[in-house]
Each structure stands twice: as structure tokens, then as C-alpha cells.
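Written below as C-alpha cells is the structure these notes are about.
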Amino acid sequence: GQNIDQPTEMTATEGAIVQINCTYQTSGFNGLFWYQQHAGEAPTFLSYNVLDGLEEKGRFSSFLSRSKGYSYLLLKELQMKDSASYLCAYSGAGSYQLTFGKGTKLSVIP
Amino acid sequence: ETGVTQTPRHLVMGMTNKKSLKCEQHLGHNAMYWYKQSAKKPLELMFVYNFKEQTENNSVPSRFSPECPNSSHLFLHLHTLQPEDSALYLCASSQSSDQNIQYFGAGTRLSVL
């Protein structure tokens with residue numbers, strides 16, 4: 314079964330903050346990734362967390378807790394162009410393969 | 007522009023046709039990947055090539071046949087597909103297969119009639 318989980322859809326208002334959660338279960342862990350995918354376009358790399366804590370990159374931040382198998386992506390000052398799917402993925406220890414969640418479709422409304 | 011280019015962007019084929027998908031990366035990477043993305047399903051890894059050698063085949067049916075002539079090019083040859091193979095096929099590349107940040111192409115939207 315699916316061992317990585319994220320909400321299917323979220324809606325947020327322009328200018329607001331939204332947090333997209335991701336939980337995972339794996340026996341070994343080598344990193345947690347977030348990608349953004351606009352409809353009909355390539356997934357684009359947003360962030361990579363390998364240690365616990367918060368990584369900030371402009372309006373986007375990503376948090377990881379390895380002990381809890383938990384990550385979130387935080388988007389601040391939302392813009393209409395942030396409407397997209399956000400994909401969470403992990404790589405297991407000793408493996409280069411990425412295991413992806415189903416993605417969270419974020420809709421930003423005026 | 008991600009540095010990974012896929013052609014064609016859209017493809018419609020019958021179940022008896024043979025077609026090929028092409029991927030080219032301009033990033034100097036050594037590992038390349040094929041993924042399948044179906045509606046409401048997570049990205050599924052199909053094949054991995056590292057330095058032109060296939061290192062992973064995730065139980066993909068033989069009607070999908072990959073080819074990697076060099077580190078910059080990757081093909082997916084298709085023959086006698088089924089309607090359930092209709093999906094978005096994504097190519098990705100990374101520095102090597104143990105450098106996990108993968109960069110994706112825009113995909114080929116495949117419809118099998």
C-alpha cells in the first residue's frame with residue numbers, strides 16, 4: 314500500500330499562508346523532496362531536506378522531522394501562480410529511487 | 007526550461023502501432039529515468055539508467071522497451087500497448103543515480119485507442 318500520504322486538495326486565499334503536510338513510513342531514509350507541478354508541465358524541484366528542521370527559500374520553506382516521519386511545505390504570501398500540484402517524495406537509505414505521494418492540488422483564490 | 011526535453015508532447019496511437027518517446031537532457035547528468043503518471047496515482051518509476059547501463063526495471067511489461075544510447079539521450083519504445091497504458095510519461099535526469107535531485111521534462115501525454 315501507499316506509505317507516503319498528503320492531502321488531495323487544498324484551497325487558500327491570495328496573500329495568505331498555506332501549509333501542505335506529508336507523512337511517510339520507511340525503514341530507511343535518505344531525504345525528503347518537494348516538487349511543484351503546474352498542469353501540463355514538468356515537475357520542478359523545490360526543496361530537499363535530509364536533516365531535521367526548517368529550510369527556507371524565499372516564500373517557500375520545508376520542514377522535516379525524521380522521528381515522526383513528517384514533513385511540511387510552507388508557502389507564504391500566496392500568489393495566483395502558486396496554484397499547482399505539490400508532490401512529496403522520499404528516498405530510502407541505500408536507494409536512489411524516489412517514492413512519490415499522490416500530490417496535493419493547491420488552488421489559490423482571490 | 008528544466009534542461010530536459012521530451013518529444014513528442016502528445017501522442018495518440020492504436021494498440022497495434024509502434025512508436026517511440028524521446029528524452030534529451032542538456033545538464034551533463036549521468037542518470038536518466040522514465041516515470042509513468044496516471045490520474046490520481048503517484049508517479050511510478052519505470053526504468054533507471056546510470057552511465058548508460060540499466061540499473062532498474064520496476065516490473066514493467068515488455069511492451070515498454072527502453073534504450074539509452076548515451077548519457078544525454080533516453081528512448082522509450084512502445085508496441086502493442088493497451089488502453090490502460092494511457093498516461094503522462096515523464097523523463098528525468100540527475101547527476102548520478104545516487105544524487106537524488108531529479109530534474110523532469112514536461113512529459114509526453116499518451117493516449118492509446
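As they're listed, the protein sequences go chains A and B.
Here our numbering is used: the first residue of the first sequence is 314, the next is one more, and so on.
Here our numbering is used: the first residue of the second sequence is 7, the next is one more, and so on.
Ideal placement from N, C-alpha and C gives every residue a C-beta, glycine not left out.
Report back the beta-carbon spacing between residue i and residue j to the nearest angstrom; my notes put them in contact at under 8 angstroms.
| i | j | result |
| --- | --- | --- |
| residue 362 of chain A | residue 341 of chain A | The Cβ separation is near 16 angstroms, so there is no contact. |
| residue 417 of chain A | residue 396 of chain A | Not really, about 12 angstroms apart at Cβ, beyond 8 angstroms. |
| residue 9 of chain B | residue 33 of chain B | 4 angstroms |
| residue 349 of chain A | residue 359 of chain A | 5 angstroms |
| residue 51 of chain B | residue 64 of chain B | 5 angstroms |
| residue 355 of chain A | residue 112 of chain B | 4 angstroms |
Drop a sphere of 10 angstroms on the beta-carbon of residue i, count the other beta-carbons inside from all chains shown, and report buried for 16 or more, exposed for fewer.
| i | result |
| --- | --- |
| residue 414 of chain A | buried |
| residue 45 of chain B | exposed |
| residue 404 of chain A | buried |
| residue 412 of chain A | buried |
| residue 314 of chain A | Because residue 314 of chain A carries a pLDDT of 48, less than 50, the predicted location of this residue cannot be relied on, and the following value inherits that uncertainty. Burial call: exposed. |
| residue 42 of chain B | buried |
Could you tell me the boundaries of the beta strand (DSSP E) in which residue i lies?
| i | result |
| --- | --- |
| residue 422 of chain A | 417-422 |
| residue 61 of chain B | 59-63 |
| residue 366 of chain A | 366-370 |
| residue 31 of chain B | 24-31 |
| residue 43 of chain B | 37-43 |
| residue 325 of chain A | 322-326 |
| residue 48 of chain B | From DSSP, residue 48 of chain B is part of no beta strand (DSSP E); its letter is neither H nor E. |
Hey, is residue i's beta-carbon within less than 8 angstroms of any beta-carbon in chain A?
| i | result |
| --- | --- |
| residue 110 of chain B | yes |
| residue 76 of chain B | no |
| residue 62 of chain B | yes |
| residue 113 of chain B | yes |
| residue 8 of chain B | yes |
| residue 27 of chain B | no |
| residue 51 of chain B | yes |
List, in order along the chain, the chain A residues whose C-beta lies closer than 8 angstroms to that of residue i?
| i | result |
| --- | --- |
| residue 13 of chain B | Simply none; closest approach about 13 angstroms. |
| residue 106 of chain B | 343, 344, 346, 361, 404, 409 and 411 |
Which residues in chain A have a C-beta closer than 9 angstroms to the C-beta of residue i? List them in chain order.
| i | result |
| --- | --- |
| residue 48 of chain B | 315, 317, 400, 402, 412, 413, 414, 415 and 416 |
Comparing the C-beta of residue i with each C-beta of chain B, is any distance below 8 angstroms?
| i | result |
| --- | --- |
| residue 341 of chain A | no |
| residue 322 of chain A | no |
| residue 369 of chain A | no |
| residue 336 of chain A | no |
| residue 390 of chain A | no |
| residue 358 of chain A | yes |
| residue 355 of chain A | yes |
Just the chain B side, please: which residues come within less than 8 angstroms of residue i by C-beta, in chain order?
| i | result |
| --- | --- |
| residue 329 of chain A | None at all; the shortest Cβ gap to chain B is about 26 angstroms. |
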